[in-house]
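Q: The structure's right below; bear with me while I get my questions together.
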Amino acid sequence: MVLPNAYRRDGGGHDYSKRTMTTYKQSDITMEEYHRVSDKTMETLLDTMENLLDEYTDLPYEVDYSSGVLTLKLDDKGTYVINKQPPNKQIWLSSPHSGPKRYDLDTTHNEWFYHRDNTTMRSLLEKELSEVFGQPIKLDASE
Numbered sequence: 028m029v030l031p032n033a034y035r036r037d038g039g040g041h042d043y044s045k046r047t048m049t050t051y052k053q054s055d056i057t058m059e060e061y062h063r064v065s066d067k068t069m070e071t072l073l074d075t076m077e078n079l080l081d082e083y084t085d086l087p088y089e090v091d092y093s094s095g096v097l098t099l100k101l102d103d104k105g106t107y108v109i110n111k112q113p114p115n116k117q118i119w120l121s122s123p124h125s126g127p128k129r130y131d132l133d134t135t136h137n138e139w140f141y142h143r144d145n146t147t148m149r150s151l152l153e154k155e156l157s158e159v160f161g162q163p164i165k166l167d168a169s170e
């Protein structure tokens, strides 16, 4: 469902420009579909992070993916940990900036979203990594 002209406010009470807001809903998926989509998401994130870090070879940043856990170490900027959670059919993200979040899949919108604030994992990572790297960072959709 799209709500036209929705306003977004942050904790400081600042109004942002008008935005279209999508409401996400957890999809009922099989375990096979969960693994297919989550594996693709993790591979896409890994490829994107590796390409990004290739541009910053002078910085002590590194990315690693093993056993369903992606770790992005950004030296004094902190460490991101993104991992699959098959029992819940979720992807969990731990951010040094926004803390831990658990993402569910919405197959209609092809997004992993956090049900408490309706934000997508992609938008959170784009925002935070753009701030870390000082340039706009765009991630591919989850599939």
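Numbering (the working numbering), first residue to last: 28 to 170.
Heads up, the beta-carbon is just placed ideally off N, CA and C, and yes, glycines get one too.
All figures in this text were calculated on a predicted structure; none of them were measured in a lab.
Which partner residues does Arg-129 have in the DSSP bridge list?
A: Taking the sequence shown and counting its residues from 1, one reaches residue 129 at position 102. Trp-119.
Q: Work out the CA separation of Leu-166 and Thr-75 for me, nearest whole Å.
A: To locate residue 75, count along the sequence shown from 1; it is residue 48. To locate residue 166, count along the sequence shown from 1; it is residue 139. Rounded to whole angstroms, Thr-75 to Leu-166 spans 7 Å at the Cα level.
Q: Which residues bound the alpha helix (DSSP H) around Thr-57?
A: Position 30 of the sequence shown, counted from the first residue, corresponds to residue 57. It is not in any alpha helix (DSSP H) - Thr-57 carries neither H nor E in the DSSP assignment.
Q: Which value, in whole angstroms, describes the spacing of the CA atoms of Leu-120 and Thr-84?
A: Looking up residue 120 in the sequence shown gives position 93. Looking up residue 84 in the sequence shown gives position 57. Answer to the nearest angstrom: the Cα atoms are 25 Å apart.
Q: Using C-beta distances below 7 Å, list every residue in its chain close to Glu-156, excluding the 5 sequence neighbours before and after it, in chain order.
A: Taking the first residue of the sequence shown as position 1, residue 156 is located at position 129. The amino acid at residue 156 is misidentified as Glu; the sequence shows Leu. The residues are Ile-164.
Q: Got a sec? Which residues, its chain only, sit under 7 Å from Gly-39 by beta carbon, not counting five neighbours each side?
A: Counting from 1 along the sequence shown, the entry for residue 39 is found at position 12. Residue placement at Gly-39 is flagged as unreliable, the pLDDT there being 42, under the threshold of 50; a coordinate-derived value is accordingly withheld.
Q: Please report the residue range of the alpha helix (DSSP H) in which Lys-154 lies.
A: Here residue 154 is taken as the residue at index 127 of the sequence shown, counted from 1. First-last of the alpha helix (DSSP H) with Lys-154: 148-160.
Q: Using 7 Å as the cut-off, classify the Cβ of Trp-139 as near or not near the heavy atoms of the ligand SAH, replying yes or no.
A: Absent from the structure shown: the ligand SAH. Ligands present: none.
Q: Roughly how many angstroms separate the alpha carbons of Ser-169 and Gln-117, rounded to a whole number?
A: As a first step, residue 169 must be located in the sequence shown, where it is residue number 142. As a first step, residue 117 must be located in the sequence shown, where it is residue number 90. Note that Ser-169 has pLDDT 45, beneath the 50 cutoff, so the model's placement of it is unreliable and the number below is only indicative. Computed Cα separation, rounded: 13 Å.
Q: Between Ser-93 and Thr-50, what straight-line distance do the alpha-carbon atoms span, to the nearest angstrom?
A: For the purposes of this step, residue 93 is identified with residue 66 of the sequence shown, where counting begins at 1. For the purposes of this step, residue 50 is identified with residue 23 of the sequence shown, where counting begins at 1. About 32 Å.
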